[in-house]
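One structure is given here, and the rest of the page talks about it.
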Amino acid sequence: MKEKLLFWKTSSWSVSLLLVLPILAILYTALGNTDDIFTHLFNTVLPTYTLNTVLLVFGAMFFSLILGVPSAWFMAMCRVPSSSVLQWALVLPLAMPAYIVGYIYTDWLDFAGPIQVLLRDITGWQSYGDYWFPDIRTLTGAILVMSLVLYPYVYLLARAAFMEQNISLLQSARLLKCTPWKSFKRISLPLARPSIAVALSLVAMEALGDFGTVSYFAVNTLTTAVYDTWLGYSNLNAAAKVSAFMLMGILLLISGERYSRRKQKMFQEKFNTNEEFQYELHGWKKWGAFTWCWGLVSIAFTFPLLQLINYSFHYFEESWTAEFQEYAVNSLYVSSIAAVIAVIIALVVNFLHRLQPNNKWSVMPMRLASLGYAVPGTVLAIGVMLPMIGLDHLVNDISKQLGFGMVGLIFSGSIFALIFASVTRFSAVAIGSIESNLNKIPPSLDMASRTLGCGTWSMLRRVHFPLIRRGCLIAGLLVFIETMKELNAALLLRPFNFETLATYVFNFASDEQLEIAAMPAVLLVLVGLIPLIIVNRSLEQQH
């Protein structure tokens, strides 16, 4: 038994340290000597990039809060017409890439777009000098676009928090003649604050790591600085130092979220259904809530999706090309391999903790292997590139010494780097999914299987895996979909002449030709709906 445990310990710690290697590589490089390029960036543009990043993050958090919390309250605590549809419809914008939404609204709101053309036809105005119209290609525009696709984080967690609140507290508030607004402000919102803090930290990390939207809107942030430093100056050292700044920002965000919840332990009985207690809205309040929710869904998801479908129909021949089919196969190939590897890693690290539930060190590989999920794709790509280039140099040096000549860029110049980055970033998704499924299996089954002489491998194969098979499938599916949609890491790590659907769509959007890539964009959106359906169904089953 000790030998079997040694295998699981060695395997778990090995894969977890391997997955945390990119973060360690960034920190190690950032502590090294500073070169002229980083000094130049630090003295010129880096302060502005940092300010833009801070404004983008806090702006996205603020507007996501404004959009998400009222929607969650209406769905959890109020009777709103068509709420059964709205409950899942409000989650849909999360499947829409922000840079695609940005492109569509830029196309609509530009001087030559349909909205300004209609405005000039109605008023008789002729030029910009005759009227003022807001410019969407600004930092404010980027904040608003990102808030439209990120508010579902706040909506999901806030709605779950509202639905879990003790019904007796709300009934007492009603008996004390509290209006719905006072009940929301004094009871529901304070109790939901920890969940909202978690949601806002997710929004902040997504905004911090975004590249597609800020690049299209020409807003310079720390993410674009990493990208430009590596591809523009070919300076991995300076890119690593900028990445370290972003890692510090992520650490501050996570620390702030934990600090805000340090004394907020809420002990309350969970009430099983919200049907027994819902506020009855009347008149303009009822239809105001209805208009708010459906307007949000329409602006953030329905209108952009309809525009993409319209582009796909009118540009079908230009979209259905050999390149599109090739890049779709590339995405399927990379995503499938990453999903399988992530599920295997999740099984290994979770099973070690299952074998030693009372050992505080057994949970460490799970936590280490999950760290990559908090790292933006662009930063992670630099962290992957650093050891991969060093490994390539080592292999080529050894090959030359053995007389075989140069073997080329085996690791950094192939899809190996892209797959490794995807596994590093999204293993946390698989680990969390499988962990929740394993926790549902009673420990008595483990003791019974040991009594019957089952070893660790036999226990996993014959007892645990059949019971968590569905959870493994969902975990693999979630990793597959996240890898399909990953843009930031793919832009930096893809080999020459290798594109994924995400990079293919982004390249056309950057060239103002999203119409040609509308079909793969629709495919990405539809694929992104699958995890949202899974999450929403699990939320409904819990309540």
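FYI, the numbering for the sequence shown is 1 to 543, going by UniProt numbering.
We put the CB at the ideal spot given by N, CA and C, even for glycine.
From a predicted model like this one, the values you see are computed outputs, not experimental measurements.
DSSP, read as helix, strand or coil, puts E512 in coil. The three-state secondary structure of E499, taken from DSSP, is coil. A check of alpha carbon separations from I309 across L24, I100 and M77 identifies I100 as the nearest. Leaving aside the five residues that flank M246 on each side, the residues in its chain whose CB is nearer than 6 Å to its CB run, in chain order, L222 and V379.
Between I196 and V348, the C-beta spacing is not below 9 Å. Excluding five sequence positions before and after A207, the CB atoms of its chain that fall closer than 6 Å to its own CB belong to L56, V57, A60 and M146, given in chain order. Proximity of the region 198 to 214 to the region 97 to 111 meets the contact definition, three or more beta-carbon pairs being nearer than 8 Å. Here the alpha carbon of M205 sits roughly 16 Å from the alpha carbon of L157. Counting every other CB atom within 10 Å of its CB across the protein chains shown gives H314 a total below 16, marking it as exposed. Among the bridge pairs identified by DSSP, C78 is matched with Y279. Shown here, M61 sits in a helix according to DSSP, grouped into three states. If you check the CB distance, S201 and G283 do not come in under 9 Å.
With contacts defined by Cβ atoms closer than 9 Å, I441 and I468 form a contacting pair. Using a Cβ distance threshold of 9 Å, V527 and A339 do not count as a contacting pair. Minimum Cα-Cα distance from P152 among the listed residues A95, F111 and Q126 corresponds to A95. Scanning its chain for C-beta atoms nearer than 7 Å, with the 5 sequence neighbours on each side dropped, one finds around P365 the residues S12, W13, S16, V349 and L352, in chain order.
Under the three-state reduction of DSSP output, D130 falls in the helix class.
Between S412 and T424, the alpha-carbon positions lie close to 15 Å from each other. Of all alpha-carbon atoms in F498, K9 and Y311, the one lying nearest the alpha-carbon of L523 is that of Y311. Between A161 and the set W73, W132 and T456, the nearest pair of CA atoms involves W73. In this model, F7 and A239 are separated by some 38 Å (Cα to Cα). By the CB criterion at 9 Å, L65 and V154 fall inside the cutoff. In this model, Y105 and G288 are separated by some 25 Å (Cα to Cα). Counting along the chain, no alpha helix (DSSP H) covers I441, and no H or E run does either. In the DSSP assignment, D397 falls within the alpha helix (DSSP H) that extends over G377 to Q401. Under the 10 Å beta carbon count, D135 is surrounded by fewer than 16 other beta carbons and is classified as exposed. The criterion of a C-beta distance shorter than 9 Å is not satisfied by N330 and E482. When G455, S234 and A192 are compared, the shortest CA-CA separation from I382 is found for S234. Considering only P47, R159, D210 and A199, the residue with the shortest C-alpha distance to S188 is R159.
Around the Cβ of S362, a 10 Å sphere holds 16 or more other Cβ atoms; the residue is buried. Assigned with DSSP and collapsed to three states, P304 falls in helix. Rounded to the nearest angstrom, the gap between the Cα atoms of A25 and L477 is 29 Å. The continuous stretches of alpha helix (DSSP H) do not include V407, and DSSP gives it neither H nor E. Contact check for G390 against P22 fails: the beta carbons are separated by 9 Å or more.
Across the set L487, N497 and I530, the C-alpha of L487 shows the shortest separation from the C-alpha of A509. Of the residues Q87, R137, G141 and F111, the one whose Cα lies closest to the Cα of S127 is F111.
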